[in-house]
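Worksheet for the structure shown next.
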Amino acid sequence: MSALDQIRQELLEASYLKSAEAVLHWDQETYMPEGSGAARADQIAFLSGLIHKKATGDKLRDALDELIDLKSGELRTITLNEKETRLVKEAWKDFRKEASLPTEFVSELAKHASASQQAWVQARKENSFETFQPFLEKMVDMQKEKAGYLSLGGSAYDTLMDLFEPGMTTEQADGLFKKLRQRLVPLIQEIQEVKHRVNNSILGKNYDVEKQWGFGVTILKSIGFDFNFGRQDKSTHPFTIGFHPTDVRTTTRLRENDLKTALLATLHEGGHALYNMGLPAEEFGSPLGEYISLGVHESQSRMWENQVGLSRPFWKFAYPKLQAVFPEQLKGVEMEQFHAAMNKVRPSMIRVEADEATYNLHIMLRFEIEQLLINEDFPVAELPAIWNEKMEEYIGIRPKTDAEGVLQDVHWSFGAFGYFPTYTLGNLYSIQFYNQANRDIPGLEDQYAHGKFSALLEWLRTNIHSKGRSVTASELIKNVTGEELSAEPFLDYLEEKYRKIYGLG
Ligand code: ZN
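Letter 67 of the sequence shown, counting from 1, is numbered 472 in our numbering, and no numbers are missing.
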């Protein structure tokens with residue numbers, strides 16, 4: 406077997422293990438009985454140990470060593486084509502990351518993550534930050550230790566963010582957030598002064614959850630979600646997980662007095678799923694078969710949720726169908742009125758329920774606090790206080806409890822520091838990609854009005870999904886749009902859209 410084939414084979418076997426681990430995670434969040442948590446944690450910890458062993462094994466190391474200098478990352482051969490070169494370089498980056506973490510540390514971290522996440526669930530239920538605090542303190546320390554093992558010279562936070570958004574630096578992200586803040590804060594204030602112009606109370610009427618589910622499935626099918634290669638289930642926190650491009654799982658969350666959340670969650674996760682389904686199956690197992698970054702992944706969900714699902718043309722098609730499902734609740738409600746209700750801007754406590762305009766301020770707050778925790782030794786005990794202060798400063802409201810404040814998100818409990826900014830990056834990527842699709846596809850939005858979404862999906866498949874990890878995120882956006890990632894297109898989009906909805910000059 407050639408060294409390249411050996412690399413592919415080792416990575417393929419590691420991917421089978423990862424798929425098995427992912428199935429366990431999916432089951433844990435959807436169907437697993439409540440009492441099975443401890444046994445499941447052991448199974449997952451054992452599997453992650455195996456995956457780590459596989460991903461740092463001698464067979465992979467030796468094969469890589471034949472083709473690339475393991476220290477410098479310089480190729481030892483000139484016989485590889487462009488694609489193979491990329492594969493070897495990406496495989497080397499992954500290997501170096503995995504191999505720099507001691508096996509003992511990896512399994513200790515997996516164990517603590519599991520315990521800490523359970524502690525978070527309990528703490529949130531009891532609205533008690535104090536019970537979660539020691540778990541989070543240990544987690545912050547372990548993440549600093551992890552950054553130390555992985556460090557390539559930047560700050561600890563840079564190192565951690567690179568795990569989710571390769572190539573992005575704190576400085577770059579910081580620049581984007583500053584620009585967002587400059588225009589978002591006054592725009593939101595202006596909207597607040599005329600907030601009465603949009604009333605969204607119709608969305609809080611009683612909507613049978615089974616009917617909501619049925620409507621969501623219809624929409625998923627319309628946008629191209631193929632139920633031969635995926636399924637949707639229910640979970641407390643909606644998510645998407647792919648075992649293979651031919652097996653992708655999403656979940657949604659349904660509430661009787663809330664029509665908006667389930668609809669948007671279904672579209673959001675559907676967008677993630679379409680990306681997973683569009684990854685090149687022939688590259689499964691190799692880095693070229695994987696998604697580029699979490700920011701790019703989020704751009705796909707945000708596009709279907711916001712640029713498509715919250716647009717007028719989409720509701721021209723979907724609203725009559727929705728009215729047919731809920732004739733009583735939506736009787737006499739015009740499409741324009743419904744569209745405005747779905748797009749109401751309102752400062753709120755909870756990130757996942759935030760509208761497009763305020764959403765990124767929720768992220769900015771987390772981005773700033775994470776840096777304090779990881780780079781500056783900020784005491785974990787003072788998190789609730791700084792959280793509430795920043796909420797008041799950026800969003801204008803103050804949480805009354807920790808459950809609706811610092812305890813609302815799961816991410817920190819399992820050690821995902823540097824993950825949050827990818828949500829905002831996703832919003833920025835999504836609008837730049839979408840603007841380009843609009844330039845490339847004549848009459849794109851007219852097609853939605855007739856329930857046709859295949860041209861957009863084809864465009865995404867060709868330009869983004871099928872690329873796998875053969876390009877970096879910054880190369881991708883440059884190749885597709887000719888531009889660098891920036892905040893302005895997103896801000897322009899928001900200004901235009903919301904000035905129209907709120908009748909502002
Ligand atoms: Zn998402």
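Beta carbons are placed, not taken as given, at the ideal position from N, Cα and C, and that holds for glycine.
Spatial neighbours of residue i in its chain, beta-carbon cut-off 6 angstroms, leaving aside the 5 residues before and after
i	result
His767	Arg756 and Ala759
Thr564	Ala552, Leu555 and Ser556
Gln617	Leu659 and Ala667
Tyr824	Phe569 and His816
Gly831	Gly700, Glu703, Ser704 and Arg707
Ala524	Phe537 and Phe540
Met740	Trp720 and Tyr724
Ala504	Thr461
Met547	Leu514
Ile869	none
Lys857	none
Where the beta strand (DSSP E) through residue i begins and ends
i	result
Phe648	Thr645 to His649
Close Cβ partners of residue i (< 8 angstroms) along its chain, the five nearest in sequence each way excluded
i	result
Pro752	Ile593, Gln597, Thr763, Ile800, Gly801 and Ile802
Leu409	Ala468, Leu472, Leu485, Glu489, Leu492 and Val493
Lys516	Ala446 and Ala450
Lys459	Glu415, Glu418, Ala419, Leu422 and Leu465
Val599	Tyr907, Gly908 and Leu909
Leu881	Ile697, Val701, Ile869 and Lys872
Asp499	Ala460 and Pro692
Unbroken alpha helix (DSSP H) run spanning residue i, endpoints
i	result
Asp579	Thr575 to Glu598
Gln346	The requested residue 346 is not part of the displayed model; the chain covers only 406 to 910.
Val526	Thr508 to Glu531
Leu699	Leu699 to Arg707
Lys502	Glu487 to Ala504
Glu798	Leu788 to Tyr799
Val738	No alpha helix (DSSP H) holds Val738; DSSP gives it neither H nor E.
Gln448	Gly442 to Ala460
Phe620	Val614 to Ile628
Ser716	Here Ser716 belongs to no alpha helix (DSSP H), and DSSP marks it neither H nor E.
His816	Where His816 is concerned, there is no enclosing alpha helix (DSSP H), given that its DSSP letter is neither H nor E.
Ala561	Ala561 to Phe569
Ser424	Ala408 to Thr435
Contacts around residue i, its chain only, beta-carbon distance under 7 angstroms, and the 5 residues preceding and following it disregarded
i	result
Gln411	Lys464 and Ala468
Phe943	Limits of the chain in this structure are 406 at one end and 910 at the other, which puts residue 943 out of reach.
Ala528	Phe534, Thr536, Phe537 and Leu812
Leu589	Ala762, Asn765 and Leu766
Pro894	Ile836, Gln837 and Asn840
Ala786	Gln538
Gly354	With the chain represented from 406 up to 910, any question about residue 354 goes unanswered, as that position is not in the structure.
Thr641	Arg658
His457	Glu503, Thr508 and Val511
Ala808	Arg529 and Asn532
Cβ separation of residue i and residue j, assumed to be a contact under 8 angstroms, to the nearest whole Å
i	j	result
Gly621	Thr655	Not really, about 10 angstroms apart at Cβ, beyond 8 angstroms.
Lys795	Glu773	7 angstroms
Thr623	Lys721	In fact, because the Cβ distance is near 16 angstroms, the residues do not count as touching under 8 angstroms.
Phe719	Tyr853	5 angstroms
Phe359	Gly694	No answer is possible for residue 359: the residues shown for the chain start at 406 and end at 910.
Phe634	Asp652	6 angstroms
Gly609	Asn662	5 angstroms
Leu735	Ile607	7 angstroms
Glu710	His673	4 angstroms
Ser862	Ile628	Reading the sequence as shown, one finds Leu at residue 862 and not Ser. Correct: roughly 7 angstroms between the Cβ atoms.
Bridge-paired residues (DSSP) for residue i
i	result
Lys639	Thr657
Leu480	Ile473
Asp392	Nothing can be reported for residue 392: it is not among the residues displayed for the chain, which extend from 406 to 910.
Asp663	Arg660
Asp652	His649
Chain B within 7 angstroms of residue i, Cβ atoms only
i	result
Val622	Annotation note: the requested chain B is absent from the structure, which comprises a single protein chain.
heavy atom of ligand 3 below 6 angstroms from residue i C-beta
i	result
Glu703	Absence of ligand 3 is noted for the structure shown, with ligand 1 being the only ligands found.
Continuous alpha helix (DSSP H) assignments of at least 4 residues falling wholly in the stretch 833–866:
849–854
What are the start and end residues of each continuous alpha helix (DSSP H) run of 4 or more residues lying completely inside the stretch 873–900, in chain order?
878–886
Ignoring anything shorter than 4 residues or poking outside the stretch 736–767, list the alpha helix (DSSP H) runs there in chain order.
740–747
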